[in-house]
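The structure appears below as structure tokens.
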Amino acid sequence: MTDRSRPESPVDPHECPPDLAGALLWGQRRLAGSGVDNPGLDAALLLGRATGTERARLYLEPRRLLDRGERERFGALLTRRAAREPVQYILRRQEFMGLEFEVDERVLIPRPETEILVETALELLRGRAGSAAVADLGTGSGAIAVSIACLHSPARVWAVDLSPPTLEVAAANAARHGVRDRIEFRQGDLLAPLAGQCFSLVACNPPYVGADEIGLLQPEVHRFEPRLALVPPARGEARPDPLHFYRRLAAEVPGCLEPGGWLVVEVGAGQAPAVQRLLAGTFAVERAVRDYGGHVRVLAARPRGHGRAAGG
Ligand code: GLN
208 MTDRSRPESP
218 VDPHECPPDL
228 AGALLWGQRR
238 LAGSGVDNPG
248 LDAALLLGRA
258 TGTERARLYL
268 EPRRLLDRGE
278 RERFGALLTR
288 RAAREPVQYI
298 LRRQEFMGLE
308 FEVDERVLIP
318 RPETEILVET
328 ALELLRGRAG
338 SAAVADLGTG
348 SGAIAVSIAC
358 LHSPARVWAV
368 DLSPPTLEVA
378 AANAARHGVR
388 DRIEFRQGDL
398 LAPLAGQCFS
408 LVACNPPYVG
418 ADEIGLLQPE
428 VHRFEPRLAL
438 VPPARGEARP
448 DPLHFYRRLA
458 AEVPGCLEPG
468 GWLVVEVGAG
478 QAPAVQRLLA
488 GTFAVERAVR
498 DYGGHVRVLA
508 ARPRGHGRAA
518 GG
């Protein structure tokens with residue numbers, strides 16, 4: 208038996224120690240043995256869910272005994288996490304911009320890096336007078352669209368996704384945060400369902416992972432998250448091009464921006480120079496914002512020609 212076979216075997220709840228402190232340590236060791244990155248944190252989150260206890264309380268009542276149902280629930284949750292299912296899918300939630308989003312396998316889990324895109328968009332929108340029309344292309348869980356609607360009340364938002372099941376999650380998140388009436392959801396390919404409309408800002412976190420890179424990412428990502436949200440489509444025989452969507456945005460977005468309007472995109476680590484070159488034909492890139500790892504992660508650009516005149 209190699210170590211790799213262990214994550215697949217279910218966690219036996221009969222082995223769970225009787226009290227919270229023991230169960231926590233046991234769960235942590237089990238997850239660490241399966242290669243999970245933050246085994247202590249994840250064991251606490253799952254034990255909290257299994258016992259209906261807030262995470263902080265787990266440490267206040269270390270000798271509290273678990274009943275049989277709690278041990279079984281904890282074992283079942285640990286089994287999923289040990290198989291490297293993301294803890295966010297197991298708990299069905301992820302925090303983003305201080306808001307709680309419901310997530311499941313229909314959507315990409317919102318990343319902290321994408322908060323930089325939202326913060327950049329909010330800053331650009333606040334620099335404009337009056338109301339704003341915002342498009343979020345490839346909305347996924349709705350993280351970008353919903354947080355812009357929540358945090359910038361003059362904005363009306365159009366959120367597009369190719370996948371109908373994904374749009375259901377996004378619409379539920381909009382309803383959860385009370386902005387369902389300020390977001391229009393449209394199914395389709397990039398700007399296709401928004402034909403004839405003009406926007407003050409177009410936001411997009413497109414799939415940008417190369418087909419040969421996906422296997423190198425954590426099992427949580429490549430085994431569980433939707434490939435449609437990560438890897439651009441393959442074209443015939445050719446390998447999928449990680450920059451595919453930036454080429455399309457460079458060509459298609461200028462025609463749908465109001466004067467002074469912005470395109471704001473997230474890019475993969477190391478992709479910024481290539482994306483900047485791609486955009487340069489039609490856009491002037493005016494901002495490049497780094498993430499906490501020092502990579503340029505967000506580019507904000509205005510079309511050449513009519514951009515600068517309108518301020519913002
Ligand atoms: N940042 C994500 C990841 O690498 C990818 C998101 C995307 O393709 N837009 O896990």
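Start counting the sequence shown at 208; every next residue gets the next number (my numbering). Glycine included, every Cβ here is placed at the ideal spot set by N, Cα and C. Fair warning: this is a prediction, and the values are worked out from it, not measured in the lab.
Item	Value
Whole-angstrom distance between E279 and A228, CA atom to CA atom	16 Å
Residues bridged to C411 (per DSSP)	L344 and V472
Limits of the unbroken alpha helix (DSSP H) element including P246	P246 to T258
Cut-off 8 Å between Cβ atoms - residues of its own chain near G475, not counting five sequence neighbours on either side	Y415, V416 and P449
Endpoints, alpha helix (DSSP H) assigned at R280	R275 to A289
C-beta contact flag for E322 and V364 at 9 Å	no
P413: CB within 8 Å of a non-hydrogen atom of ligand 1	yes
Strand pairing of F431, partner residues [DSSP]	BP columns for F431 are empty, so no partner.
Cβ neighbours of G477 in the same chain (closer than 7 Å, five flanking residues each side left out)	H502
Backbone CA spacing between D396 and T260 [nearest angstrom]	43 Å
First and last residue of the uninterrupted beta strand (DSSP E) at V294	Not the beta strand (DSSP E): V294 falls in the alpha helix (DSSP H), residues V294 to L298.
Integer-rounded CB distance, given that L306 should sit under 8 Å from C357	6 Å
Alpha carbon of P361 to alpha carbon of A339, nearest angstrom	6 Å
One or two residues paired with E302 in a DSSP bridge	E307
Distance cut-off 8 Å: L424 Cβ against heavy atoms of ligand 1	yes
R494 (DSSP reduced to helix, strand or coil)	strand
Cβ-heavy atom distance, L464 to ligand 1, below 8 Å	no
Cβ neighbours of D210 in the same chain (closer than 7 Å, five flanking residues each side left out)	Note on D210: pLDDT 43, under 50, position unreliable in the model; the coordinate value appears next. If we look at D210 and ignore the five residues flanking it on each side, it has no Cβ neighbours.
Contact set for G514: own chain, Cβ-Cβ below 7 Å, skip 5 residues either direction	Confidence at G514 is low in this model, with a pLDDT of 44, below 50, so the placement of that residue is unreliable and no value is reported for it.
The segment 376-389 in contact with the segment 298-316 per 3-pair CB rule at 8 Å	yes
Cβ pair P393, A350 closer than 9 Å	Inspection of the sequence shows that residue 393 is occupied by Arg rather than by Pro. No, they are not a contact pair.
Check: V416 C-beta below 8 Å from any heavy atom of ligand 1	yes
Neighbour-count burial assignment, D419, 16 or more Cβ in a 10 Å radius	exposed
Proximal residues to N412 (C-beta, below 8 Å), its chain only, five neighbours per side dropped	T321, L324, G345, G347, I351, V472 and E473
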